[in-house]
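Under our numbering, the first residue of the sequence shown is numbered 49, with each subsequent residue one higher. Think of the CB as a built atom: it goes at the ideal place given N, C-alpha and C, for glycine as much as any other residue.
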Amino acid sequence: MPTIAVIDYDMGNLHSACKGLEFAGATPIVTDQPEVIHRADGVVLPGVGAFDPAMRHLCDRNLAQPIRDVIANGKPFLGICVGLQLLFEASEEGVEPGIGVLKGTLRKFKPEPGITIPHMGWNQLQLTQPDHPLWSTISSNEWVYFVHSYYAETTDPSIVAATVTHGSQTVTAAVAKDNLMAVQFHPEKSAKTGLQLLANFVERVKQPVAVG
């Protein structure tokens, strides 16, 4: 079974993510050690909470550069929720620079009548890269679970793999570029669809592709 390093920086729902990866046929290894991350077959960066504390926790553990390195080297990588947000350059939520492997900034949902912020609960995906392996046997309009007030506004629309609409605002729900994949929703809380996504990521780990 492939080994998947689940990065521990005190900002993630590690237990649920690990159970989902185990169910998908992988061996998760919870770690904050760069050498373990480099040895693993794939890497997952989970995350809950606010952008600045998350970046500070990563930097305190000297993990930002190892994350950049494994992504650049082609290792299959999955970011979850705040783990997606940290991959971008900056966030309106704080002042810390992000990891910066993806171009763009995190923006806050604009208030409008009839919606709540944070965007919390079940909502439907619209796949913009429907043939990506991450979506194998997953279709547009399937329901997944979100908890977020900020969304990724990227300067490279080609990386957007799925969107979600909250009120009148259609925003990034997932990104994918070569070996890098990340989702704003929580697959570990998204029932059958979420488990299928984790299984698809594990299959991608078993059959990595070169970085283009």
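Cβ neighbour criterion (16 or more within 10 Å) applied to residue i
i, result
"N227", "buried"
"T120", "Reading off the sequence shown, one finds Ala at residue 120, where the question assumed Thr. Classification of A120: exposed, given that the 10 Å Cβ count is below 16."
"S139", "buried"
"S206", "exposed"
"Q244", "buried"
"E236", "buried"
"H234", "buried"
"P178", "exposed"
"P114", "buried"
"G60", "buried"
Residue i versus the options, residue with shortest Cα-Cα distance
i, options, result
"A154", "G162, V84, E144", "What sits at residue 154 in the sequence shown is Leu, not Ala. Here the closest residue by C-alpha is E144."
"T51", "G242, S139, G73, G60", "G73"
"T218", "N171, E141, E190", "N171"
"L132", "R109, V231, L111", "V231"
"T241", "K225, R87, G68", "G68"
Expected contact under 8 Å - CB spacing of residue i and residue j to nearest Å
i, j, result
"R116", "I163", "Not quite, the Cβ-Cβ distance comes to about 35 Å (not below 8 Å), so this is no contact."
"T176", "A210", "6 Å"
"V84", "C66", "In fact, because the Cβ distance is near 14 Å, the residues do not count as touching under 8 Å."
"L150", "V223", "7 Å"
"P166", "V195", "6 Å"
"Y193", "S238", "5 Å"
Own chain residues within Cβ distance below 8 Å of residue i, not counting five before or after
i, result
"E70", "P76"
"T202", "F136, L150, K151, G152, V208, T220, V223"
"P124", "D89, G90, V91, N227, M229, F249, R252, V253, P256"
"L134", "L93, G95, F99, A102, M103, L106, G127, G146, I147"
"Q174", "S188, N189, A210, T211, V212, T213, T218, A221"
Same chain only: Cβ atoms within 6 Å of residue i, ignoring 5 sequence neighbours per side
i, result
"P82", "P114"
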